[in-house]
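First comes the structure, then the notes that go with it.
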Amino acid sequence: EEPEPVEDARPSTPVKPMTATEVKVNVSIPEAAERAAATGADGVGLLRIEHMVLSLDKTPERYVSEHGERAYIDELVDGIRTVADEFYPRPVRVRTLDAPTDEFRELEGGEDEPDEHNPMLGYRGIRRSLDRPDVFGYELAAFRRLFEMGYDNIEIMFPLVNDAEDVLRARRLMEDAGIDPDKRSWGVMIETPASALGVESMAEAGIDFASFGTNDLTQYTLAVDRNNGAVADRFDELHPAVLELISTTIETCREHDIDTSICGQAGSKPDMVDALVNEGITSISANVDAVRDVQHEVKRVEQRLMLESVR
Ligand code: PEP
Ligand code: MG
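With the numbering used here applied, the sequence shown covers 5 to 315.
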């Protein structure tokens with residue numbers, strides 16, 4: 005007698021076109037993970053942890069002083085795990101904390117934050133993490149715990165790096181936290197012109213991937229504040245200077261066998277998708293509402309390239 009087929013209780017994934025370029029999705033709050041996973045995306049190209057931290061209503065320093073480091077690490081583990089579960093075994097690229105001081109200042113404990121004239125150019129991303137290895141260490145402890153729990157689909161991504169020194173220092177702190185960088189997938193965001201121009205030396209530090217944060221890369225390449233309406237018409241992710249930085253970075257990464265990706269807003273835009281698939285990017289990460297269209301756009305461009313190559 006034939007055994008009864010086991011019913012699959014998971015929501016069915018929509019039929020998606022098969023593409024050589026992976027199409028992933030960005031996730032900013034763990035509660036959005038189920039919907040994001042249902043798109044059939046090949047993974048999470050950017051999981052921001054800012055929401056998990058800012059929703060505690062206290063700066064990490066204040067939260068830890070009142071509730072203890074264990075409680076803070078638990079919060080991070082729970083949030084990341086929700087997403088890693090939803091996508092398993094698809095990869096989930098988790099970015100370490102990148103909130104500017106003006107966002108921390110609104111929280112309890114925010115009065116201790118530096119009052120910066122230019123928070124976007126200031127104490128954020130990997131700069132803050134390297135300056136506060138104790139606080140950064142809680143994030144790394146969360147990653148270590150998740151790896152020990154068996155979440156081998158989690159990848160670590162560092163924001164706002166400038167050069168190999170930033171990367172080597174972050175790498176050392178990973179090792180100090182008991183994470184073997186050679187056994188895990190980890191990498192950087194390319195958000196400053198310096199990081200795009202210096203990706204070759206970062207390759208030697210052992211990164212597995214480089215992901216274009218075009219929101220910041222555009223802001224810093226064109227000197228156009230991404231949050232200033234008065235210059236919003238000058239904020240152009242497809243500006244030739246931005247595309248040139250992206251294109252040379254992809255080229256260098258290919259030579260060093262480093263995966264490339266985009267996780268800025270522009271990854272949801274058809275013109276950028278066209279440009280990047282043409283350049284041979286490894287993956288594109290889009291907003292949840294754009295994943296479907298990006299999957300089809302990638303397919304179209306890949307088919308066109310295929311036809312051109314046999315002509
Ligand atoms: C970016 O800069 O493109 C990015 C994805 O990071 P965020 O928007 O969080 O700065
Ligand atoms: Mg950014």
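Note that the Cβ used here is the ideal one computed from N, Cα and C, for glycine as well. Bear in mind that the values here come from a model prediction, so they are computed numbers and not experimental data.
For the beta strand (DSSP E) that residue i lies in, which residues bound it at each end?
| i | result |
| --- | --- |
| Phe213 | 213 to 216 |
| Arg97 | 96 to 99 |
| Gly141 | No beta strand (DSSP E) contains Gly141, which is instead part of the alpha helix (DSSP H) from 137 to 152. |
| Leu50 | 48 to 51 |
| Asp263 | 263 to 266 |
Using DSSP bridges, identify the partner residues of residue i.
| i | result |
| --- | --- |
| Phe162 | Val192 |
| Glu26 | Ser287 |
| Val281 | Val281 pairs with nothing; no bridge assigned. |
| Lys62 | Glu112 |
| Val57 | Answer is none; Val57 lacks a bridge partner. |
| Val31 | Leu51 |
For the alpha helix (DSSP H) containing residue i, name the first residue and the last one.
| i | result |
| --- | --- |
| Glu38 | 37 to 41 |
| Ile254 | 244 to 259 |
| Asp297 | 295 to 314 |
| Asp170 | 168 to 180 |
| Ser205 | 203 to 208 |
Cβ atoms of residue j and residue i: under 8 Å apart, would you say?
| i | j | result |
| --- | --- | --- |
| Asp229 | Gly202 | no |
| Ile262 | Ile183 | no |
| Tyr127 | Pro118 | yes |
| Val48 | Val81 | no |
| Phe147 | Ile130 | no |
| Ile33 | Arg99 | no |
| Val298 | Val314 | no |
**OP:** Would you mind listing the alpha helix (DSSP H) stretches within the segment 65 to 93 that are 4+ residues and don't spill past its ends, in chain order?
**Re:** Entirely contained in the segment 65 to 93, the alpha helix (DSSP H) runs reaching 4 residues are, in chain order, 73 to 91.
Original post:
With contact counted as at least three CB pairs below 8 Å, one residue from each stretch, are the segment 147 to 157 and the segment 191 to 200 in contact?
Top reply: Under the 8 Å Cβ criterion, the segment 147 to 157 does not count as touching the segment 191 to 200, having fewer than three qualifying pairs.
Original post:
If we count Cβ pairs, one from each stretch, closer than 8 Å, do we get three or more for the segment 87 to 96 versus the segment 65 to 72?
Top reply: Flag = no, the segment 87 to 96 and the segment 65 to 72 do not touch.
Original post:
Counting Cβ pairs, one atom from each stretch, are 3 or more of them under 8 Å apart for the segment 277 to 286 and the segment 222 to 240?
Top reply: Short answer: they don't touch.
**OP:** Check whether the segment 100 to 112 touches the segment 120 to 134, counting contact only when three or more Cβ pairs, one atom from each stretch, lie closer than 8 Å.
**Re:** The answer is yes - the segment 120 to 134 touches the segment 100 to 112, with three or more Cβ pairs under 8 Å.
Subject >> Three-pair Cβ contact test at 8 Å for the segment 246 to 255 versus the segment 162 to 179 >> reply: Three or more Cβ pairs closer than 8 Å define a contact, and the segment 246 to 255 falls short of that threshold against the segment 162 to 179.
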